[in-house]
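**Student:**
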Amino acid sequence: MAKSAFDTLRALAIASQALGFILIITLETVMGDAARPWQGWTLAAMVAAALWIALVRLYRRNRVRKARLRGLGDDD
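By this note's numbering, the letter at position 50 of the sequence shown is numbered 76, and the numbering carries on one by one without gaps.
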């Protein structure tokens, strides 16, 4: 099975981080110093999204590895 050149999780990670940084900069521009708590929450959401994506990637990688090992075990 050919591996797709487009990685959905990587695109999602890049998009979420880019959106978060844009939001942080926009909050600073619009609200000034009052934006600090909102920027903190935005950063926390960015970290949570990154951790979630990492867990999904790990789950998928382990699922593929286990399927591959099951397939090798059936051949022997």
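Every residue, glycine too, gets a C-beta built ideally from N, C-alpha and C.
Less than 7 Å between C-beta atoms, sequence neighbours within five positions excluded: which residues of the same chain meet that for V82?
**Tutor:** Cβ within range, chain order: L35.
**Student:** With a 10 Å radius around its C-beta and 16 neighbouring C-beta atoms as the bar for buried, classify G46 as buried or exposed.
**Tutor:** That one is buried.
**Student:** Give me, in chain order, the residues of the same chain whose beta-carbon lies closer than 8 Å to that of S42; leave out the 5 immediate sequence neighbours on both sides.
**Tutor:** These residues qualify, in order along the chain: M72, A75, A76, I79.
**Student:** CA-CA distance, R12 and L53?
**Tutor:** Given a span of 27 to 102 for the chain in the structure shown, any question on residue 12 remains unanswerable.
**Student:** For a quick check, are the C-beta atoms of I50 and L69 less than 8 Å apart?
**Tutor:** Yes; because the gap between Cβ atoms is below 8 Å, this pair is in contact.
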